[in-house]
Structures are given as structure tokens and as C-alpha cells.
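Asks: Have a look at this one before I ask anything.
Number of protein chains: 2
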Amino acid sequence: MPRSTYRLPKIPEMTIRRLSVYTRCLLQLEEDGVATISSQELAERFNLNSAQVRKDLAYFGEFGVRGIGYHVTGLKAELQRILGLDREWPVALVGLGNLGSALFHYKGFTRQGFRIAVVFDDDPAKIGREIDGVPIVGTQDLAREVRARQLEIAIVAVPAEAAQTVTDQLVAAGIKAVLNFAPARLRVPREARLKNVDLSIELETLSFYLAQGNR
Amino acid sequence: MPRSTYRLPKIPEMTIRRLSVYTRCLLQLEEDGVATISSQELAERFNLNSAQVRKDLAYFGEFGVRGIGYHVTGLKAELQRILGLDREWPVALVGLGNLGSALFHYKGFTRQGFRIAVVFDDDPAKIGREIDGVPIVGTQDLAREVRARQLEIAIVAVPAEAAQTVTDQLVAAGIKAVLNFAPARLRVPREARLKNVDLSIELETLSFYLAQGNR
DNA sequence: TAGATTGTTAATCGATTAACAATC
DNA sequence: TAGATTGTTAATCGATTAACAATC
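First to last, the protein sequences are chains A and B.
Mapping to my numbering: the first sequence position 11 is 11, numbers consecutive.
Mapping to my numbering: the second sequence position 92 is 1092, numbers consecutive.
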């Protein structure tokens, strides 16, 4: 199936990330009982320009009301739909070490409809057990489980050495998107998407500024 | 002490991040016994343009040899110096829950000279104990420990509700840079630096592309 | 209607890239 | 020297922002 690139001409990566940020803000605003918000007000919360907010939204349609702003609940729903957050995504978590466990219990994922449906690990002591009702499965059964559950998203939280092998297995089994937490650069075939979360790169940019300040 | 902004006119954030990436690559190349590398070769490893590599480096000086390229060991040392990775940074870790434990054991940090020197936590069962020789201290003694150890960097891995309070305490005690893993937007005074690591934003951008693909 | 705010165009800004003289 | 690659300038590209007609 060809990716329908003609439908979405060229959405900047940063626009997607901001949509994600807007969505959370709107969720909060809705909780707080706020009915409408202007691009100006929304922008101020993130030190952005109001034109940028409007332009980000304009890539996907006209969601505002002139003279009023945006209806919080309506815009939230639109953005959730655009980001694919209006459904539940079953996710595979690979690796249940320190980082894997932390990610398993991380509140932020489930909040937005991502649900860890299966955990893969190599440890015989863990295989066959459950964690909070989620089965822990050995890596030898990875392909079978991914196919049976029709999983499209996987979170990789294994040691760096194992990351590429496991990613190859995941993609071969039908995984379309890999979120990699292992400190390793990975390769995926063209049809799959890969995001690397580098836990220490931010620390290194911070030390750059501290080091400069001390000069 | 005024930040010496005149020394560094306007280094793009992305340049700093790439320097960090180059540095790791050079560490690997050095291990592999590679003596020199051209901007072209370096660029290819990250799908960048060779001119971009040269420009990134040019912000800080002339490190190459025309006709040859860059000496791996020499450039590595220069970049480590620029990024402040030529020294050890003692770091405070706040919160020893799932995420805190994962970060404590995370290999990527120590690799580059960041050393967790003290862990803060509220749990009476943990306070007073040690983890891998690192003391676990109650939050009530946070300021004293930060000052005594002259810490400048802190990693925040507490629940979202507690994040702002703990950050205020850290900054008041002299912390200059905060790396926040809590799913909360934080505020720090002008003199401090803050980086938010959002573990789920990447997942949300991935689901955007999957959702689009399914249209 | 008057006031407010959108959606969108055009201007600005900044980052990436091509090109090439300098030079190892 | 000839070949290769840097450092840097100028051109290009793309993202941000200002401005404003449309319109609620």
C-alpha cells in the first residue's frame, strides 16, 4: 500500500510535536472547564507565536471561529483524531529490565491511549508470568504474538547489543513503528518508522551550557 | 556572573545536539582504531550534509586538515571539551521509583562523565541506605547536600505533582540545570536551565504517521 | 454594528546546502 | 605537484512571524 503523501503535502515534524503539546493543554483546559481559547492564549502557554498555532492547525483544516477562538472540546477531539489518539493502540514492550519496568509503569503512555498489550523478555524467571495482567512472553514467541495481536507499535528497552536483533524480528513480524530507548543507533527498512529516544543527549547539551558559563 | 554570550554569538540548538552525536561516533571510531575521518564520511553515518558537519565544527574553531579530514582522537577531545564532557559532572537524582531506578542504572549517563553523586527520595524505607555506594537522602536534606557537594545538575524523576516543588528546592539550593523526566511542564528562574524529556511525545508522533498511513 | 480573532498571504528570519578558493 | 578535503561565502530552502482581509 503506497503511503498517501499527496494527502499531506509536507507537514513539518515540529508541527506534529506541537499538535501533541496543544492536545495535552486542551485536555487540561477541558478538565478546568474552559470552553474556548484563542490562538493567542494557547501560544502564550508555550512561548509560541499565535500565527504559528494557527498555521499548525491550518495544515489540517479550519477549526476555529472568527472573533471567538477555538472550542476546547471540539479542537481537542480534532487533534486527537489527527494524531491517531482517538483510538487505543496496543503496544509491545520489549525488555523488562530497569528501563522496561519504568516504561511499563509510566503514566504518560496510557494517558493517551497507548496500552502495553504484551511484554517480551529473555529471562526464564519472568517468561510465562504476568505483570499487572499483561503476559510476559519469551523472545522466541515474539513473531507469533505480534501477528496474533496485530501489533503495529513496539517500544524497545533492551540492552544496546540486543536492540538491532530484536528490532529486525519486530519489523519482520509486522511492527510498523519502533520507539527505541536503547542507547544504540538502529536501522529499519523503509516501510517502518523508527524514533530514537536518547536519554543522555539532553544531559550533554545541558553540560555544554554549564561549561560555557564557566569559561 | 554574566553569561558570556558575546563569546558564542548564536549557536543553533541543533548544532549542539549534533556535536553530541559526532562525539559518540568519534569515540566508536577511536575504539575501532580509525585515525582520520572526513566530513563526508561522518555526514553519511547520520544522513547529513558534509557542509553541515563542517559548519557545525566551524562555530568553535578549525579542527580539520585540508586534504585529509579530521584526526579522530583530536577532534573527539576538542568536542568533549566544548560539550563539557572532559570533566566529571556530579549529578543529583531526585526520585528512586521505577523511572528513577532505571535512570540510576542507565549506562548512557556514566559513559560520558555524568556520575550520580546522591539520590533524593521521600520513602523512609530508602532514606539513609545506599544504592551501589550512592547515599539515599531525604528531601528535607536536599539543600544541604546540593550545597555541600556543589552540585549543578539534577535529574528529576518524581511524580508529576511533586516535580515543581522539588525543582524549586533544587534551584534555590544552587542547581543550575534540571533534566526533567516527570510528565509535567516546569518553570525555572532565568538563571537556571531546564530540559524536559517527554517519554510519550515520540509515541504520539509515531501514531500520527500510522494513523495517516491508515487513511 | 463594533470588536475580536481567525485563516492566509507576504515578509522575515535562520538553518541547510552548494560551490569553490585555500591549502594540506 | 596532483588529488583531496577543509573552511567559508553565497544561494537555497523552509520555518516562523507580521500583517490584514474575511467573518463570527
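Even glycine gets a Cβ: it sits at the ideal position worked out from N, Cα and C.
1. Please state the DSSP three-state secondary structure of residue 1069 of chain B.
2. Residues of the stretch 36-64 of chain A in Cβ contact with chain B at a cutoff of 8 Å, in chain order, please.
3. Ends of the beta strand (DSSP E) at residue 1093 of chain B?
4. To the nearest angstrom, how far is the alpha carbon of residue 1185 of chain B from that of residue 1167 of chain B?
5. With distances taken between CB atoms, is the gap from residue 1164 of chain B to residue 200 of chain A smaller than 8 Å?
6. Hey, could you find the ends of the beta strand (DSSP E) residue 208 of chain A is sitting in?
7. Please identify the residue among A:188, A:153, A:161 and A:94 whose C-alpha is closest to the C-alpha of residue 1211 of chain B.
8. Exposed or buried, which one is residue 180 of chain A when buried takes at least 16 other CB atoms within 10 Å?
9. So what does DSSP say about residue 82 of chain A, is it helix, strand or coil?
10. Shorter than 8 Å from the beta carbon of residue 76 of chain A to some beta carbon of chain B?
11. Measuring alpha carbon to alpha carbon, tell me which residue in B:1056, B:1025 and B:1102 is nearest residue 1015 of chain B.
12. Rounded to a whole number of angstroms, what is the C-alpha to C-alpha distance between residue 1148 of chain B and residue 1141 of chain B?
13. On the criterion of 16 or more Cβ atoms from any shown chain inside 10 Å, does residue 1034 of chain B qualify as buried, or is it exposed?
14. Let me see if you follow: with CB-CB separation under 8 Å, is residue 1175 of chain B close to chain A or not?
15. When you measure from the CB of residue 1134 of chain B to every non-hydrogen atom of the ligand PLP, does any distance come out below 7 Å?
16. How is the beta strand (DSSP E) around residue 119 of chain A delimited, first residue to last?
17. Name, please, each residue of chain B whose Cβ falls closer than 8 Å to the Cβ of residue 10 of chain A.
18. Using a beta-carbon distance below 8 Å, is residue 1165 of chain B in contact with chain A?
19. Tell me whether residue 78 of chain A is buried or exposed, calling it buried when 16 or more other Cβ atoms sit within 10 Å of its Cβ.
20. Does any CB atom of chain B fall closer than 8 Å to the CB of residue 6 of chain A?
21. Name the DSSP bridge partner or partners of residue 1177 of chain B?
22. Locate the beta strand (DSSP E) running through residue 146 of chain A, then write down its first and last residues.
23. Give the secondary structure of residue 1062 of chain B by DSSP, where H, G and I count as helix, E and B as strand, and everything else as coil.
24. What residues from the stretch 105-122 of chain A come within 7 Å of chain B, judged by C-beta to C-beta, listed N to C?
25. Less than 8 Å between CB atoms is the rule here; does residue 83 of chain A satisfy it with respect to chain B?
26. Do the stretch 1016-1023 of chain B and the stretch 191-208 of chain A meet, that is, are 3 or more Cβ pairs less than 8 Å apart?
27. Would a check of beta-carbon distances place residue 1172 of chain B closer than 8 Å to chain A?
28. Quick one: list the residues of chain A neighbouring residue 1070 of chain B, beta-carbon separation under 8 Å, in chain order.
29. Give every residue of the same chain whose Cβ lies closer than 8 Å to the Cβ of residue 1127 of chain B, excluding the five residues on either side of it in the sequence, and list them in chain order.
30. Who are the neighbours of residue 153 of chain A on chain B, taking C-beta pairs under 8 Å?
31. Just verifying my parser: in three-state terms, what is the DSSP assignment at residue 1171 of chain B?
32. Provide the residue(s) that pair with residue 1130 of chain B in DSSP beta bridges, ordered along the chain.
Replies: So, from the data block:
1. Within the second sequence, residue 1069 of chain B is the residue found at index 69, counting from 1. Strand.
2. none
3. As a position in the second sequence, residue 1093 of chain B is number 93, starting the count at 1. Where residue 1093 of chain B is concerned, the enclosing beta strand (DSSP E) stretches over 1089-1094.
4. Against the second sequence, residue 1185 of chain B aligns to sequence position 185. Against the second sequence, residue 1167 of chain B aligns to sequence position 167. Roughly 11 Å between the two C-alpha positions.
5. Looking up residue 1164 of chain B in the second sequence gives position 164. Looking up residue 200 of chain A in the first sequence gives position 200. Cβ distance not < 8 Å, so residue 1164 of chain B and residue 200 of chain A don't count as in contact.
6. Your numbering for residue 208 of chain A matches position 208 in the first sequence. Per DSSP, residue 208 of chain A belongs to no beta strand (DSSP E); it is in the alpha helix (DSSP H), 201-213.
7. For this step, residue 1211 of chain B is matched to residue 211 along the second sequence. Nearest C-alpha to residue 1211 of chain B: A:153.
8. Within the first sequence, the letter at position 180 stands for residue 180 of chain A. That one is buried.
9. One-based indexing of the first sequence puts residue 82 of chain A at position 82. Reduced to three states, the DSSP call for residue 82 of chain A is helix.
10. Translated into positions along the first sequence, residue 76 of chain A becomes position 76. Output row for residue 76 of chain A: interface = no.
11. Residue 1015 of chain B sits at position 15 when you count from the first residue of the second sequence. Among B:1056, B:1025 and B:1102, the Cα nearest to that of residue 1015 of chain B belongs to B:1056.
12. Locating residue 1148 of chain B in the second sequence gives position 148, counting from the first residue. Locating residue 1141 of chain B in the second sequence gives position 141, counting from the first residue. Between residue 1148 of chain B and residue 1141 of chain B, the C-alpha separation is close to 11 Å.
13. In the second sequence, counting from the first residue as 1, residue 1034 of chain B sits at position 34. Classification for residue 1034 of chain B: exposed.
14. For this step, residue 1175 of chain B is matched to residue 175 along the second sequence. Answer no: the Cβ-Cβ gap between residue 1175 of chain B and chain A never drops below 8 Å.
15. Of ligands this structure carries none, so the ligand PLP is not represented either.
16. By 1-based counting over the first sequence, the position of residue 119 of chain A is 119. Counting along the chain, the beta strand (DSSP E) containing residue 119 of chain A begins and ends at 114-121.
17. Taking the first residue of the first sequence as 1, we reach residue 10 of chain A at position 10. Correct list: empty, because the minimum Cβ distance to chain B is about 13 Å.
18. Indexing the second sequence from 1 puts residue 1165 of chain B at position 165. Not one chain A Cβ lies under 8 Å of residue 1165 of chain B.
19. By 1-based counting over the first sequence, the position of residue 78 of chain A is 78. Buried, since its Cβ has 16 or more Cβ neighbours within 10 Å.
20. Within the first sequence, the letter at position 6 stands for residue 6 of chain A. Summary for residue 6 of chain A: the model assigns pLDDT 43, below 50, so the residue's position carries little reliability; its value from the coordinates is reported in the next sentence. It does not: the Cβ of residue 6 of chain A has no partner Cβ on chain B nearer than 8 Å.
21. In the second sequence, residue 1177 of chain B corresponds to position 177, counting from 1. Bridge partners of residue 1177 of chain B: B:1153 and B:1193.
22. The residue given as residue 146 of chain A occupies position 146 in the first sequence. Unbroken run through residue 146 of chain A is the alpha helix (DSSP H), 142-148; no beta strand (DSSP E).
23. Walking along the second sequence from the start, residue 1062 of chain B turns up at place 62. Residue state, collapsed to three classes: coil.
24. 105, 106, 107, 108, 109, 112 and 114
25. By 1-based counting over the first sequence, the position of residue 83 of chain A is 83. Closer than 8 Å to some Cβ of chain B, the Cβ of residue 83 of chain A qualifies, so yes.
26. yes
27. Stepping through the second sequence from its first residue, residue 1172 of chain B is reached at position 172. Judged by the 8 Å Cβ criterion, residue 1172 of chain B is not in contact with chain A.
28. Numbered from its first residue, the second sequence carries residue 1070 of chain B at position 70. Simply none; closest approach about 19 Å.
29. Taking the first residue of the second sequence as position 1, residue 1127 of chain B is located at position 127. Excluding residues within five positions, the ones whose Cβ falls inside 8 Å are 1121, 1136, 1137 and 1138.
30. Here residue 153 of chain A is taken as the residue at index 153 of the first sequence, counted from 1. Here the neighbours are 1203, 1206, 1207 and 1210.
31. Residue mapping note: residue 1171 of chain B aligns to position 171 of the second sequence, counting from 1. In this structure, residue 1171 of chain B counts as helix in the three-state DSSP scheme.
32. Counting from one through the second sequence, the residue named residue 1130 of chain B turns up at place 130. Residue 1130 of chain B pairs with B:1135.
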